[in-house]
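Chemist:
Protein chains: 2
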Amino acid sequence: MAVRKISPNLALDHLVSLRQAAGEPIVHLGFGESRLPVFPGLVERLAEGADRNSYGPVPGAPGVLRAFAEYCARRSLPTDPDQVVVAPGSKALLLALQLVVPGDVLLAQPCWVTYAPQAVLAGKRVFGVPVPAECGGVPDPDALRERVRQARAEGGDPRIVVLTSPDNPTGTTATADLVRRICAVAEEEDLLLVSDEIYRDVLHDPGFEYLSPAEVSPSRTVVITGLSKSLALGGWRIGAARFPADEAGRRMRADVASVASEVWSTLAGPMQAVAEYAFDEPAELVARRDADARLHGAVARAVWRIAEDAGALTRPPTGGFYVYPDFEPLREPLARRGVVDGETLQAHLFTESGVAVLAGVHFGDDARALRFRAATSVLYGSTREEQHAAMAAADPTAVPHVAESLAAIEQAFTKLSAG
Amino acid sequence: MAVRKISPNLALDHLVSLRQAAGEPIVHLGFGESRLPVFPGLVERLAEGADRNSYGPVPGAPGVLRAFAEYCARRSLPTDPDQVVVAPGSKALLLALQLVVPGDVLLAQPCWVTYAPQAVLAGKRVFGVPVPAECGGVPDPDALRERVRQARAEGGDPRIVVLTSPDNPTGTTATADLVRRICAVAEEEDLLLVSDEIYRDVLHDPGFEYLSPAEVSPSRTVVITGLSKSLALGGWRIGAARFPADEAGRRMRADVASVASEVWSTLAGPMQAVAEYAFDEPAELVARRDADARLHGAVARAVWRIAEDAGALTRPPTGGFYVYPDFEPLREPLARRGVVDGETLQAHLFTESGVAVLAGVHFGDDARALRFRAATSVLYGSTREEQHAAMAAADPTAVPHVAESLAAIEQAFTKLSAG
């Protein structure tokens, strides 16, 4: 039995916790978690949902299915409750989907750490496709077409493309034009699009013209999402999926529900009560969620500016809470200190400056590249008081503990260029 | 893509809900759920755990790992917290285990509906082994040895045996002697034992001399359990696993945690708070749990007596909330009404008498056998008031709504023998 690894982001988070517990000051940019308090209305719904101790229907109770269908409809995706499945996290849904949809998987390079191991667990081959210059999370359309044909020539059977927008790790959002071009390739090459929209409600600019591939190619797009990111509920494990309305979509949804019935039975009843409330988007919750999105944007942009000033090439973040700098321009000075790839860069920042980041290689990026993901959402503070102060500030980057972390990051990044 | 099926127990439950919603009186013996209210202390812990919105360590937070380790130690299984993983249900743990442990699977015939589909999902072959006359849930030791050798001769690679005690579907518990004999075969044939002990705290007789195979063969036994059955928390999805303390066990646990990190991340934080409290077994909770076990025993025995009186052969229930009658003695009169196997018997009881049961074939039993599982735990009533009345009664079988259901079952079973 081969010894497998813990998902690298969760493993790094654990390592950081241990060093922090030992009293070391660590600036933790390694873990993609919105470290903010839970909105009180969600806590109320959790307690009210406590009497939901029956298993109930596998895909979810009627109330939560209706709420998520309406949530989708408000995003230009008309949806019947029968198209929906909720689950303990979007990961579980993604794995179930990979288990029931045949064919190999095409992934953007870089992409979220879990896509590739899940594909392998499901017995699939993974084909990486470079991302375009303008943003991450989606393959470059021309490279995608090319890769599909090449993979087929190699005996592969690429049939599924996973898209993430806004993206983890790059913190960028695909434009409508780019989404249309990818959908065109999917039509041409008969591909299923899995659109991971878990950061959709964490757009920094509420005016951003977001386009889901499910609007363009409704019959070949499965949307997955969850409440972990937009509502700071990572530890509550709530995910949802929307399947196409046609016969193939119905079959896919039934197959995913079948896997669900053998693996997780159903989303915990109290969490279904929470999800019903959240997907109904009451005004008080939306106000908090949108304020959080502004906070994520302000702090991500601050780290982006620091990286730019330190000489890295970095796409400006537009959604989520990530920055993905490329220190290629500093390859020479870095090489003098033994930093020659993503892993050595990650280790150098951790040991020399106490800054924890996750190297691009963990996201399937070129191992040699001097790129890493900085998750900026853990800068709001480690106590509820600090987090509330960051949330309340007109300029969160000026709040003392945030400013202090930003200064430490600035120092760490600037040191990278020092001869 | 083949259309898969929902787990048959969950599918039947849904069907019954629909007919009940349409106003039809159904005696629902089809679903293995302890339909009782949640103990208030558990609700409090759920609400208190609401601020656990961070992902935290994949196997579980230190508190819940310690609590479960101590829970095991109180059951003659000394355990280090590092041997434990908690998860959203024991199903998820079982699947992860099957994904990381190589080799094919040996299952008791009959056994719980999920074991075989999970083995297939994990790419394994399934070899069924008859259960002994004295109880279900474990293979007959001699038949097990025989089947292992035969499977190997056929090119199979049987390496894992799943044991369930107390058992679903038969409601019986393996004796210490039987467990020792199975462990001896496991030693001889180098098999891993997966001991599903989810009904262990639902023993009808607290004096029953329970023996876990983990006591006899600690290095080759993984124990899995959960809170769904003993604490009526099916809809809360809380499971736990205990791995062997040796190097192979550590590797297995790390591998399961690796799969967990890619599939469900971790058990929801508020549920970990609940699990910590529950596995600490405070006196007030234990009192409620033990009272529930007595209730389960009283009602299961009542249904067992009805089945016996109607002419079925049935092992007396000793744990859980199931009875598994065999109407073979009535094959002739049943055949005259077109009832010739488990499926037609199940359909006959549902349409003729409104009694929902699950045919033995769904548990991997011989399709031709006139056997079914009756889950007796749904007889306590459909409202909280009815359930509380059943819980409070010295003789729950005499509470009017329970007595009425028992009378309907008696009528239905007795009708089976009518010429």
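Quick note, the sequences are listed as chains A and B, same order.
Counting from 1 along the first sequence, just add 7 to a position and that's the residue number in our numbering.
Counting from 1 along the second sequence, just add 7 to a position and that's the residue number in our numbering.
Built from N, CA and C at the ideal position, the CB exists for glycine as well.
Strictly below 7 Å CB to CB, what residues from chain B border A/N60?
Modeler: For this step, residue 60 of chain A is matched to residue 53 along the first sequence. Residues of chain B passing the Cβ test: V45, A239, L240, G241, G242, W243.
Chemist: Beta-carbon of A/V10 versus every beta-carbon of chain B: anything under 8 Å?
Modeler: As a first step, residue 10 of chain A must be located in the first sequence, where it is residue number 3. Its pLDDT being 42, under 50, A/V10 is placed unreliably in this model, and the value from its coordinates should be taken loosely. For A/V10, the answer is yes, since a Cβ of chain B falls inside 8 Å of its Cβ.
Chemist: Output yes or no for whether 8 Å exceeds the beta carbon distance between A/T232 and A/P251.
Modeler: Numbered from 1 along the first sequence, position 225 holds the residue referred to as residue 232 of chain A. Numbered from 1 along the first sequence, position 244 holds the residue referred to as residue 251 of chain A. Not closer than 8 Å, so no.
Chemist: Using the C-alpha atoms, what's the distance from B/T358 back to B/A405?
Modeler: Within the second sequence, residue 405 of chain B is the residue found at index 398, counting from 1. Within the second sequence, residue 358 of chain B is the residue found at index 351, counting from 1. In a straight line, the C-alpha of B/A405 is about 27 Å away from that of B/T358.
Chemist: What are the boundary residues of the beta strand (DSSP E) that includes A/F357?
Modeler: As a working note, residue 357 of chain A is residue 350 in the first sequence. Where A/F357 is concerned, there is no enclosing beta strand (DSSP E), although the alpha helix (DSSP H) it sits in stretches over 349 to 360.
Chemist: How is the alpha helix (DSSP H) around A/A267 delimited, first residue to last?
Modeler: Position 260 of the first sequence, counting from 1, holds the residue named residue 267 of chain A. A/A267 -> alpha helix (DSSP H) spans 254 to 270.
Chemist: Would you mind reading off the limits of the alpha helix (DSSP H) that contains B/Q27?
Modeler: Residue mapping note: residue 27 of chain B aligns to position 20 of the second sequence, counting from 1. Its alpha helix (DSSP H) spans residues 15 to 28.
Chemist: Considering only their Cβ atoms, is the gap separating B/G178 from B/G326 smaller than 8 Å?
Modeler: Position 319 of the second sequence, counted from the first residue, corresponds to residue 326 of chain B. Position 171 of the second sequence, counted from the first residue, corresponds to residue 178 of chain B. Contact: yes.
Chemist: Exposed or buried, what is A/R81 when buried is set at 16 or more other beta-carbons lying within 10 Å of its beta-carbon?
Modeler: Here residue 81 of chain A corresponds to residue number 74 of the first sequence, with the count starting at 1. Its Cβ having fewer than 16 others within 10 Å, A/R81 is exposed.
Chemist: Taking only beta-carbon atoms, is B/T121 less than 8 Å away from chain A?
Modeler: Numbered from 1 along the second sequence, position 114 holds the residue referred to as residue 121 of chain B. Chain A, which has a Cβ nearer than 8 Å to the Cβ of B/T121, makes this yes.
Chemist: Count the CB pairs spanning the stretch 110 to 127 of chain A and the stretch 277 to 297 of chain B that are closer than 8 Å, and state whether there are at least three.
Modeler: Flag = no, the stretch 110 to 127 of chain A and the stretch 277 to 297 of chain B do not touch.
Chemist: Please tell me whether B/H21 has its Cβ less than 8 Å away from any Cβ of chain A.
Modeler: In the second sequence, counting from the first residue as 1, residue 21 of chain B sits at position 14. Yes, B/H21 counts as interfacial toward chain A.
Chemist: B/E40 CB to nearest chain A CB: under 8 Å?
Modeler: Here residue 40 of chain B refers to the residue found at position 33 of the second sequence. At least one chain A Cβ lies under 8 Å of B/E40.
Chemist: Would you call the CB atoms of B/R383 and B/F328 closer than 8 Å?
Modeler: For the purposes of this step, residue 383 of chain B is identified with residue 376 of the second sequence, where counting begins at 1. For the purposes of this step, residue 328 of chain B is identified with residue 321 of the second sequence, where counting begins at 1. The sequence shown places Thr at residue 383 of chain B, not Arg. Closer than 8 Å, so yes.
Chemist: Tell me, please, whether the CB atom of A/P124 is closer than 8 Å to any CB atom in chain B?
Modeler: Position 117 of the first sequence, counted from the start, is the residue given in the question as residue 124 of chain A. For A/P124, the answer is yes, since a Cβ of chain B falls inside 8 Å of its Cβ.
Chemist: Work out the CA separation of A/R156 and A/P148 for me, nearest whole Å.
Modeler: Taking the first residue of the first sequence as position 1, residue 148 of chain A is located at position 141. Taking the first residue of the first sequence as position 1, residue 156 of chain A is located at position 149. Spanning the two alpha carbons is a distance of roughly 13 Å.
Chemist: In three-state DSSP terms, what is A/H35?
Modeler: For the purposes of this step, residue 35 of chain A is taken as the residue at position 28 of the first sequence. Three-state DSSP puts A/H35 in a strand.
Chemist: Exposed or buried, what is B/T390 when buried is set at 16 or more other beta-carbons lying within 10 Å of its beta-carbon?
Modeler: Taking the second sequence and counting its residues from 1, the one referred to as residue 390 of chain B is at position 383. Label assigned to B/T390: exposed.
Chemist: Whose Cβ in chain A lies nearer than 9 Å to the Cβ of B/L106?
Modeler: Residue mapping note: residue 106 of chain B aligns to position 99 of the second sequence, counting from 1. L128, listed in chain order.
Chemist: Below 6 Å CB to CB, which residues in the same chain sit around B/C190 once its five sequence neighbours on both sides are set aside?
Modeler: Locating residue 190 of chain B in the second sequence gives position 183, counting from the first residue. Excluding residues within five positions, the ones whose Cβ falls inside 6 Å are P220, V223, S224.
Chemist: Expressed to the nearest angstrom, what Euclidean distance is found between the alpha-carbon atoms of B/V364 and B/F370?
Modeler: Within the second sequence, residue 364 of chain B is the residue found at index 357, counting from 1. Within the second sequence, residue 370 of chain B is the residue found at index 363, counting from 1. Cα-Cα distance, rounded: 12 Å.
Chemist: State the Cα-Cα distance for the pair B/F379 and B/R322, rounded to the nearest angstrom.
Modeler: Translated into the one-based positions of the second sequence, residue 379 of chain B becomes position 372. Translated into the one-based positions of the second sequence, residue 322 of chain B becomes position 315. If you take the alpha carbons of B/F379 and B/R322, they lie about 12 Å apart.
Chemist: Measuring alpha carbon to alpha carbon, tell me which residue in A/A54, A/P47, A/G48, A/F46 is nearest B/L49.
Modeler: The residue labelled residue 49 of chain B in the question sits at position 42 within the second sequence. Among A/A54, A/P47, A/G48, A/F46, the Cα nearest to that of B/L49 belongs to A/A54.
Chemist: Can you confirm whether B/M278, when its beta carbon is compared against all beta carbons of chain A, has any partner nearer than 8 Å?
Modeler: Within the second sequence, numbered from 1, the residue matching residue 278 of chain B stands at position 271. Yes - at least one Cβ of chain A is within 8 Å of the one on B/M278.
Chemist: Between which two residues does the alpha helix (DSSP H) carrying B/P407 extend?
Modeler: Residue mapping note: residue 407 of chain B aligns to position 400 of the second sequence, counting from 1. From DSSP, the alpha helix (DSSP H) with B/P407 extends over 407 to 424.
Chemist: Which word fits A/L17, buried or exposed, when buried means at least 16 other C-beta atoms lie within 10 angstroms of its C-beta?
Modeler: Position 10 of the first sequence, counting from 1, holds the residue named residue 17 of chain A. A/L17 should be labelled buried.
Chemist: Provide the residue(s) that pair with B/F134 in DSSP beta bridges, ordered along the chain.
Modeler: Here the question's residue 134 of chain B lines up with position 127 in the second sequence. DSSP lists B/L113 as partners of B/F134.
Chemist: In whole angstroms, what is the alpha-carbon distance linking B/V107 and A/V133?
Modeler: Reading the second sequence from its first residue, position 100 is the one you call residue 107 of chain B. Reading the first sequence from its first residue, position 126 is the one you call residue 133 of chain A. Cα-Cα distance, rounded: 20 Å.
Chemist: On the DSSP letters alone, give me the boundaries of the beta strand (DSSP E) that B/F370 sits inside.
Modeler: One-based indexing of the second sequence puts residue 370 of chain B at position 363. That residue, B/F370, is in no beta strand (DSSP E); it is neither H nor E in DSSP.
Chemist: For a contact meaning CB atoms closer than 8 Å, what does A/A57 contact in chain B?
Modeler: Locating residue 57 of chain A in the first sequence gives position 50, where the first residue counts as 1. Chain B residues near A/A57: V45, L49, V50, L53, A54.
Chemist: Which residues of the stretch 173 to 192 of chain B have a Cβ closer than 8 Å to any Cβ of chain A? Give them in chain order.
Modeler: Under the 8 Å Cβ criterion, the stretch 173 to 192 of chain B contributes no residue.
Chemist: Going along the chain, which residues of its own chain have a beta-carbon closer than 7 Å to the beta-carbon of A/E266, five neighbours each way excluded?
Modeler: The residue given as residue 266 of chain A occupies position 259 in the first sequence. First, the amino acid is wrong: residue 266 of chain A is Val here, not Glu. If we look at A/V266 and ignore the five residues flanking it on each side, its Cβ neighbours are A103, L106, V107.
Chemist: Could you check where the beta strand (DSSP E) with B/G48 kicks off and where it finishes?
Modeler: Translated into positions along the second sequence, residue 48 of chain B becomes position 41. Note, B/G48: premise wrong, no beta strand (DSSP E); alpha helix (DSSP H) at 47 to 55.
Chemist: Could you list the residues in the stretch 407 to 422 of chain B with a C-beta less than 9 Å from some C-beta on chain A, going in chain order?
Modeler: Here the close residues number zero.
Chemist: When you compare the CB of B/K131 with every CB in chain A, is at least one pair closer than 8 Å?
Modeler: On the second sequence, residue 131 of chain B is found 124 positions in, with the first residue counted as 1. No, B/K131 does not count as interfacial toward chain A.
Chemist: Looking at the structure shown, is B/A401 part of a helix, part of a strand, or coil, going by DSSP?
Modeler: Taking the first residue of the second sequence as 1, we reach residue 401 of chain B at position 394. In the structure shown, B/A401 sits in coil (DSSP, three-state: anything other than H, G, I, E or B).
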